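Student:
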Amino acid sequence: MAQTDLPNIVLAANDGQPVRDAGLADSALAVREMTVSYGQKPAVFSVDASFGEGRLAAIVGPNGAGKSTLLKAALGIVPRLSGHATAFGIPVEHAADRIAYVPQRASVDWEFPTRVIDVVLMGLYRQLGLLGRVRTKHLDTARSCLARVGMEDFADRQIGQLSGGQQQRVFLARALAQDADLYLLDEPFAGVDAATEKAIIDVLKALRDEQRTVVCVHHDLTTVADYFDDVLLLNVRKIAEGPVAQVFTADNLQKTYGGRLATVHIDQLRLAAG
Ligand SMILES: Nc1ncnc2c1ncn2[C@@H]1O[C@H](COP(=O)(O)OP(=O)(O)OP(=O)(O)O)[C@@H](O)[C@H]1O
Ligand SMILES: [Mg+2]
């Protein structure tokens, strides 16, 4: 399996000299003039966005809006037509050891048998090294990460035998094992039940409370105000970004969804006054 097929991609460290970008130093993640195109039409067009340190942020927009593409382009997983991305003020490539990424679940296919505990241990590979021996302390760390997502009893199960929601918890445990400063999660709540959703958001809020930064692609407009501090509204272009209390407005949502959201739906949301 290629590295990019793994559920939490750990980026290769880069030996080059970091270049500081002073203006972006207090952002955990910033993209500038990011344009990505898979064909004729751009999937992401000229997006400037930044995510402050110690914040819990959502990227929101309709299907095909370029949300996953923006994260992947920021991480260098898909090529950028133009633009650049920094993490903690330096190019993302140089900050790879501070970033954990959990891709959209549909993109992960576990064909070969792997135990849950081994999936979580993959998050420790920087500590372990390529051929490093797994020691008791590594197993303890992996087990405690599983416990944080309520999956400690599943350590010896095959990952392919878990339900989708259980797998999602394991992938989060693996990201926790990475002990990152910036967590990028692509739809962590997709297809999970209410109990799993609660478990996941509690973990994400705890990470934020430890001054780490969490950025989630998110689809459920009804929970944006409860879950997130900041939101980036995206539809190929950036529609708005900032604190949920300021930018999560009916007007911005209509712009993001091109008027396709029913008024009745909008009326049920906890929106900013705008
Ligand atoms: N590997 C690819 N090759 C060609 N086109 C792609 C590829 N990945 C994405 N696209 C296209 O780029 C656009 C943006 O896709 P992307 O997956 O970033 O959207 P998204 O906002 O994450 O959507 P969703 O909410 O459905 O996950 C879509 O039109 C999609 O069809
Ligand atoms: Mg997506």
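To convert a position in the sequence shown, counted from 1, into our numbering, add 13.
Cβ coordinates follow ideal geometry from the N, Cα and C atoms, glycine included.
From a predicted model like this one, the values you see are computed outputs, not experimental measurements.
Out of curiosity, what's the CA-to-CA distance linking Leu159 and Ile214?
Tutor: Counting only the Cα atoms, Ile214 lies some 15 Å from Leu159.
Student: Whose C-beta lies closer than 7 Å to the C-beta of Asp199 among residues of the same chain, with five residues either side of it excluded?
Tutor: Within the same chain, and ignoring the five residues on either side of Asp199 in sequence, the residues whose Cβ sits closer than 7 Å to its Cβ are Ser81, Leu84, Val115, Pro116, Gln117 and Val230.
Student: Are the CB atoms of Gly178 and Gly204 nearer to each other than 9 Å?
Tutor: yes
Student: With DSSP run on the structure shown, which of helix, strand or coil describes Ser176?
Tutor: Three-state DSSP puts Ser176 in coil, outside helix and strand.
Student: Looking at Gln181 and ligand 2, is the gap between the Cβ and the nearest heavy atom below 8 Å?
Tutor: no
Student: Would you kindly report the start and end of the unbroken alpha helix (DSSP H) that includes Lys268?
Tutor: Ala263 to Thr269
Student: Under the rule that 16 or more other beta-carbon atoms within 10 Å means buried, what is Gln180, buried or exposed?
Tutor: The residue in question, Gln180, is buried, as its Cβ has 16 or more Cβ neighbours within 10 Å.
Student: Which residues in the same chain have their Cβ closer than 7 Å to the Cβ of Lys218, if we skip the five residues on either side of it in sequence?
Tutor: Within the same chain, and ignoring the five residues on either side of Lys218 in sequence, the residues whose Cβ sits closer than 7 Å to its Cβ are Leu69.
Student: Considering Cα atoms alone, identify which of Gly102, Ala87 and Phe101 is closest to Ser95.
Tutor: Minimum Cα distance to Ser95 is reached at Ala87.
Student: Please tell me whether, using a cut-off of 8 Å, the distance from the CB of Asp199 to the nearest non-hydrogen atom of ligand 2 is below it.
Tutor: yes
Student: Between Asp61, Tyr51, Val49 and Pro55, which has its C-alpha nearest Gly255's C-alpha?
Tutor: For the options Asp61, Tyr51, Val49 and Pro55, the alpha carbon positioned closest to that of Gly255 is the one of Asp61.
Student: Can you tell me whether Lys80 sits near ligand 2, meaning its C-beta is under 8 Å from at least one heavy atom of the ligand?
Tutor: Result yes, Cβ under 8 Å from ligand 2.
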